[in-house]
Amino acid sequence: MEKLIITAAICGAEVTKENNPAIPYTVEEIAREAESAYKAGASIIHLHVREDDGTPTQDKERFRKCMEAIREKCPDVIIQPSTGGAVGMSDLERLQPTELHPEMATLDCGTCNFGGDEVFVNTENTIKNFGKILIERGVKPEIEVFDKGMVDYAIRFQKQGFIQKPMHFDFVLGVQMAASARDLVFMVESIPEGSTWTVAGVGRHQFQMAALAIVMGGHVRVGFEDNVYIDKGILAKSNGELVERVVRLAKELGREIATPDEARQILSLKK
Numbered sequence: 001m002e003k004l005i006i007t008a009a010i011c012g013a014e015v016t017k018e019n020n021p022a023i024p025y026t027v028e029e030i031a032r033e034a035e036s037a038y039k040a041g042a043s044i045i046h047l048h049v050r051e052d053d054g055t056p057t058q059d060k061e062r063f064r065k066c067m068e069a070i071r072e073k074c075p076d077v078i079i080q081p082s083t084g085g086a087v088g089m090s091d092l093e094r095l096q097p098t099e100l101h102p103e104m105a106t107l108d109c110g111t112c113n114f115g116g117d118e119v120f121v122n123t124e125n126t127i128k129n130f131g132k133i134l135i136e137r138g139v140k141p142e143i144e145v146f147d148k149g150m151v152d153y154a155i156r157f158q159k160q161g162f163i164q165k166p167m168h169f170d171f172v173l174g175v176q177m178a179a180s181a182r183d184l185v186f187m188v189e190s191i192p193e194g195s196t197w198t199v200a201g202v203g204r205h206q207f208q209m210a211a212l213a214i215v216m217g218g219h220v221r222v223g224f225e226d227n228v229y230i231d232k233g234i235l236a237k238s239n240g241e242l243v244e245r246v247v248r249l250a251k252e253l254g255r256e257i258a259t260p261d262e263a264r265q266i267l268s269l270k271k
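If you use the numbering used here, the sequence shown closes out at 271, no skipped numbers anywhere.
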C-alpha cells in the first residue's frame with residue numbers, strides 16, 4: 001500500500017475564532033498553523049486566506065503573502081489554494097490564486113447546500129471554465145466532491161477535455177452526503193481506475209473517515225476548516241495536533257506517512 005498523504009485544511013472560509021481561538025486569520029497566524037501541520041506530518045496545506053479581521057478573501061496578493069510566509073517555514077510543502085472561496089464570490093474572484101501558479105488547486109464539481117439558506121454554486125459552465133484555466137496554468141486540480149453526482153460530472157468533463165488524468169478526488173463527507181463507511185466505499189468504487197483520493201470527514205466524522213481511508217489505501221484531510229475538536233468537547237490547540245492524531249492512527253494501522261516529495265510522486269505532480 002502506498003504511503004499516506006495528509007492534507008491540512010488549516011482555516012477554511014467559515015470557521016472563526018469564536019469557534020476556536022486558534023483559527024488563523026493573519027499572515028503570521030496562517031504560517032504558524034501551516035508549520036504546525038507540516039512538522040506533524042502534513043504534505044499538503046489546503047489554503048484559504050483571510051483578512052486580519054477574519055473576513056474570507058480570494059485576493060491574489062493576500063494569497064501571495066500567505067504562500068510566501070508558508071514557504072519560509074515549510075520550503076517543500078505542497079500548497080493547494082482553494083478556488084471555492086466563500087459563498088457569494090464570483091468565478092473570477094475565486095480563481096485569483098491560480099494566477100500564482102501553485103502545484104495544485106481545488107475544483108468543485110457541483111452545486112451544494114451549505115447550511116441554512118447558503119448555496120455554494122458551481123454551474124456546468126463554471127466547472128468547465130475552471131478546468132480549462134487550471135490546465136492552461138499548469139495547475140493540477142483536486143476535485144472536490146460533496147455527493148456522487150459530482151464524481152459523474154468530473155468523469156464527463158474529463159472525457160470532454162476540461163480535466164486531465166490521472167484525477168485526484170477529495171470526498172467531503174458530512175455536509176451534503178452522509179459520512180459513513182458505506183458511502184465512502186460507494187464513492188471510492190465510483191472513480192476511474194488510476195485515480196487517487198482523499199477523504200475529509202466534517203465535524204465529528206473527521207477521525208472516523210481518516211481511519212477508514214488509512215485502511216482502504218486512500219489519503220486523509222484534517223484541519224480546522226472541517227473540525228475544531230481533538231476529541232468530544234475538547235478544542236484542538238492547533239492544526240498540528242489534528243495531524244498528529246492521524247499520524248498515530250496510521251502508525252497503529254501499519255501505514256507510513258508520505259513526505260511532500262513522495263506525495264508529488266503519488267499525485268503525479270511536478271515541483
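We put the beta carbon where it would ideally sit given N, CA and C, even for glycine.
Between the C-alpha atoms of Ile133 and Val145 there is a straight-line separation of about 19 Å. Residue pairing for Phe169: DSSP places it in a beta bridge opposite Ile143, Trp197. Bounds of the alpha helix (DSSP H) holding Asp152 are 148-159. Excluding its 5 nearest sequence neighbours in each direction, Thr259 has C-beta neighbours in its own chain below 7 Å: Ser43, listed in chain order.
DSSP places Val243 in the uninterrupted alpha helix (DSSP H) bounded by 239-252.
Counting the other CB atoms within 10 Å of its CB gives Ile191 a total of 16 or more, which places it among the buried residues.
Membership of Pro81 in the beta strand (DSSP E) is indicated by the continuous run 78-81.
Secondary structure of Val87 (DSSP, three-state): coil. Secondary structure at Val228: coil, using DSSP grouped into helix, strand and coil. In the three-state scheme derived from DSSP, where H, G and I count as helix and E and B as strand, Val119 is classed as strand.
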